[in-house]
Amino acid sequence: MPYLNFANSDNIEVGQWVLAVGNPLGLNSTVTAGIISAKGRGIGILSGQGKATNPIESFIQTDAAINPGNSGGALVNVNGDLIGINSAISSTNGYYQGYGFAVPANLARKIIEDIKKFGIVQRGFLGVNSLDLSNDQQVAFYNQEKKTNIKTGSGVYIIGLPDNSGAQDAGMKIGDIITKIDGVNITDFADLSVAIGSKRPGDKVQVTYTRNGKETTSTVTLRDQKGGTSARTKADLSVTEKIGAEFQSLDDRTKAYYGLSSGVVAKNVVEGSEIAKAGIVDGYIITEINGKPVNSQKDVENLLNKFTGTGQIKYMDDYGRGYQRGFKMP
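Put into structure tokens, the structure is as follows:
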């Protein structure tokens, strides 16, 4: 079977000629040409996925014509090597207006390798809550909200260090400004997210940061979201991780209001997860799973712990309307 070679997408240059391949608007095997307009572009389309998925946004921007139907197609260099996967456009009418975006090939290759080896994507986390100093609006909002006077500029400012933080264990503190990862300049959050997101738990990175004007470099061991430093497989995932949501017990007052004898509230629903595909979003009330009432997250875990295949879930939306839908348990 014919295949494309992966290029090192870190080596691409703005102004470089590229070709976009896909099936736009139902037109099979269409090729368009353009240049790389920008690298490491964050466009905010994944921000709605929130903390549960920690999405990485560091797109290759191109002016090669990309339209609906191009997504998943190849962005290649003049040698025919893959440098990106066409993924999005910026448009006021839903069609090409000069701005197309592709996932870098290096990130796509890492995801493929993870799925082949572990069955799931491995994500390393530095363990910081941060502020993008290059984002004037974000900095201004933070200063207004927190009554601070942080200056805009280049780099990523640490505003918090959560529990199980590898960065904190390495001696980093709130107020430090991250400027490099493994010697590569970090100018904004997109740079940081792709530099760390392309690593796995247990990987060590050299983090260069400034504190009170003095530059320091520390070795940080990356962790997963639970603080672990080892790769995990599908078998290691909890029920809530597999289904893509957490659950909170429904209080008696709400049960009485809706006339329910059971129920849990869905929260932190992951976009694209199995439970989201069933139509459930944050705040919906789940009353039964596979015909059994549920009153706590423990009930959900017990019912689904050893269950695989297609199940049935009964739930209620924000307006009190009831539904019964099928879902797949991986």
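If you're matching positions, the sequence shown starts at 123 in the numbering used here and goes up one per residue. From the three backbone atoms N, C-alpha and C, an ideal C-beta is built for every residue, glycine too. Everything numeric in this text was worked out from a predicted model, so none of it was measured.
Distance CB(residue i)-CB(residue j) smaller than 8 Å
i    : j    : result
G222 : A196 : no
I207 : G194 : yes
I303 : A312 : no
V416 : S384 : yes
T351 : G324 : yes
S320 : V278 : no
I134 : I158 : yes
G305 : T343 : no
L204 : G249 : no
D440 : G405 : yes
N286 : R345 : yes
D298 : I272 : no
A129 : L141 : no
V386 : N427 : no
R322 : K295 : no
N199 : Q138 : yes
V143 : V153 : yes
I242 : A210 : no
G202 : L147 : no
F449 : K399 : yes
N189 : Y217 : yes
Q347 : F263 : no
F240 : A378 : no
V391 : V403 : yes
DSSP three-state assignment for residue i, whether helix, strand or coil
i    : result
V391 : coil
D291 : helix
A174 : Residue confidence is low: A174 scores 44 on pLDDT, short of 50, so the model does not pin down where it sits. Its coordinate-derived value is still stated next. Reduced to three states, the DSSP call for A174 is helix.
N145 : coil
Y125 : coil
K450 : strand
N412 : coil
V361 : helix
I407 : strand
T309 : coil
G222 : strand
N130 : coil
S320 : coil
S340 : strand
K436 : strand
K302 : strand
W139 : strand
A187 : coil
Delimiting residues of the beta strand (DSSP E) encompassing residue i
i    : result
R333 : K326 to R333
S371 : E368 to S371
R163 : T152 to R163
E396 : Segment E396 to K399 is the alpha helix (DSSP H) holding E396; no beta strand (DSSP E) there.
G442 : It is not in any beta strand (DSSP E) - G442 carries neither H nor E in the DSSP assignment.
F247 : No beta strand (DSSP E) holds F247; DSSP gives it neither H nor E.
A196 : A196 to V198
Y279 : V278 to G282
I182 : F181 to T184
Integer-rounded CB distance, given that residue j should sit under 8 Å from residue i
i    : j    : result
I365 : E410 : Contact doesn't hold; Cβ gap of about 15 Å is too wide.
K326 : T341 : 6 Å
R447 : I435 : 6 Å
Y437 : I407 : 6 Å
Host alpha helix (DSSP H) of residue i (start-end)
i    : result
N208 : Note, N208: premise wrong, no alpha helix (DSSP H); beta strand (DSSP E) at L204 to I211.
L253 : Looking at the DSSP string, L253 is not in any alpha helix (DSSP H); the run it does join, the beta strand (DSSP E), is N251 to D254.
L425 : Q419 to L426
V261 : D258 to K268
R379 : The sequence shown places Tyr at residue 379, not Arg. D374 to Y380 is the extent of the alpha helix (DSSP H) around Y379.
K238 : A227 to F240
heavy atom of the ligand SAM below 7 Å from residue i C-beta
i    : result
K161 : As for the ligand SAM, it is missing from this structure, which has no ligand bound.
- prompt: Contact between the segment 322 to 341 and the segment 367 to 374: three or more CB pairs below 8 Å?
  reply: no
field: Inter-stretch contact (C-beta, 8 Å, three-pair minimum) for the segment 222 to 232 and the segment 176 to 184
entry: yes
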